[in-house]
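Position one of the sequence shown corresponds to residue 426 (the working numbering), numbered consecutively onward. Don't be surprised by glycine CBs; every beta carbon is placed ideally from N, CA and C. Quick caveat, the model's predicted, so the values are computed rather than measured.
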Amino acid sequence: MRKQIVAGNWKMNNNLQEAKELCSSIISQLGVSDKEVIIAPSYVHLASLVEFTKGSAVMLAAQNCHQELSGAYTGEISASMLAYLGLDYVILGHSERRVHNGEDNALLVKKVNAAISQGLKVIYCCGETLEQRKSGVHFDLITNQIMEGLFHLDAETMNRIVIAYEPLWAVGTGVTATSAQAQEMHAHIRKVLTDKYGADVAQNTSILYGGSCVPSNAGELFAQTDVDGGLIGGASLNAEDFTSIIKA
Ligand code: PGA
């Protein structure tokens with residue numbers, strides 16, 4: 426059975442004090458959960474929050490990593506540094522990094538490989554713009570993002586991959602995909618995985634929805650057969666909202 430996962434992407438928000446407070450509120454409000462719960466704070470808070478989350482149900486992710494493991498890359502953070510901290514996950518290919526930092530599928534292959542080589546699990550993001558959806562290329566585009574970014578991996582390594590479908594028109598906009606739109610794309614992604622890796626791998630891969638997911642719509646989204654949880658941005662910055670999404 427694939428895992429149900431809710432991950433909070435804090436993006437470039439919170440100082441260390443705020444991050445610790447948010448983290449401890451999430452831990453105390455969460456109690457026990459049958460879902461895997463992940464938070465992705467800023468790099469600079471990770472070492473502190475590793476100590477903070479020890480023994481709790483909350484796992485930690487980084488929001489990105491560099492494709493090389495070390496070297497002359499001023500300002501960058503490597504997967505080996507993240508793995509040394511004991512992190513579980515790294516988010517790769519978030520639309521904000523694809524758009525603002527020019528990350529493409531070819532670069533993401535290197536980042537995925539770097540992360541996997543260090544024992545990290547990857548939340549691999551894909552998603553289309555509104556124009557792409559309107560012009561009807563969205564299914565092909567998502568197929569390509571998955572094929573080009575992940576299909577170099579063997580079937581066994583796919584158990585380290587979580588896919589997050591995040592339509593760009595829904596990320597941070599307050600516009601959410603309908604549960605039917607989410608289900609339709611998630612089923613498509615699972616079919617793409619089935620065609621490449623077979624039913625076992627496809628059925629065991631968690632596919633998360635992201636994009637203006639909030640407490641009032643999480644229940645309906647997560648009830649869809651192929652939606653295995655969410656990658657939450659804005660609403661993950663509030664402990665009450667985040668935990669009610671987890672419980673949805
Ligand atoms: P949002 O962001 O929930 O604020 O739309 C989602 C994401 O960027 O992962």
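Is it right to say residue i is buried, meaning 16 or more other beta carbons lie within 10 angstroms of its own, or is it exposed?
i    : result
A531 : exposed
H491 : buried
L618 : buried
V626 : buried
E665 : exposed
A508 : buried
T499 : exposed
A607 : buried
D459 : exposed
A605 : exposed
T601 : buried
M583 : buried
T668 : buried
D653 : buried
A465 : buried
V457 : exposed
H563 : buried
For a test of your reading of the model: does the CB of residue i fall under 6 Å from any non-hydrogen atom of the ligand PGA? Yes or no.
i    : result
V600 : no
L656 : yes
V596 : yes
N434 : yes
S458 : no
S467 : no
G635 : yes
G659 : yes
Between which residues of its own chain and residue i is the CB-CB distance below 7 Å, once the five residues before and five after are set aside?
i    : result
L533 : L517, G518 and G574
K535 : Q492
N438 : L662
E528 : G518 and R522
R585 : I541, K546 and V547
Contact defined as beta carbons within less than 8 Å: I believe residue i pairs with residue j. What is the distance between those atoms, to the nearest angstrom?
i    : j    : result
L441 : S473 : 6 Å
E461 : K428 : 5 Å
H611 : D565 : Actually they are not in contact, since the Cβ atoms of H611 and D565 sit about 16 Å apart, beyond 8 Å.
A595 : S637 : 5 Å
A432 : I657 : 7 Å
G655 : A643 : 6 Å
Y590 : Y634 : 6 Å
M484 : I451 : Going by Cβ atoms, the distance from M484 to I451 rounds to 12 Å, so no, they are not a contact pair.
I567 : H613 : 7 Å
I588 : T630 : 6 Å
I670 : L455 : Between L455 and I670 the Cβ distance is about 11 Å, and since that is not below 8 Å, they are no contact.
A580 : Y622 : 5 Å
By Cβ distance below 8 Å, which residues in the same chain neighbour residue i in space, the five residues on each side in sequence not counted?
i    : result
I502 : Y468, A487, N489, C490 and H491
L494 : S503, A504, S505, A539, S542 and Q543
T598 : G636 and S637
M449 : Per the sequence shown, the amino acid found at residue 449 is Ser instead of Met. The answer, listed in chain order, is F477.
Under 6 Å Cβ to Cβ from residue i, same chain only, skipping five residues before and after it: list those, please.
i    : result
L593 : S520, G552 and T554
L471 : L510
* Counting only runs of 3+ residues fully inside the segment 584–622, write out the beta strand (DSSP E) ranges in chain order. => 586–590
* Segments of 4+ residues assigned as alpha helix (DSSP H) that fall wholly inside the segment 480–539 -> 504–510 and 520–525
* 3 or more residues per run - each beta strand (DSSP E) lying fully within the segment 430–459 -> 430–434
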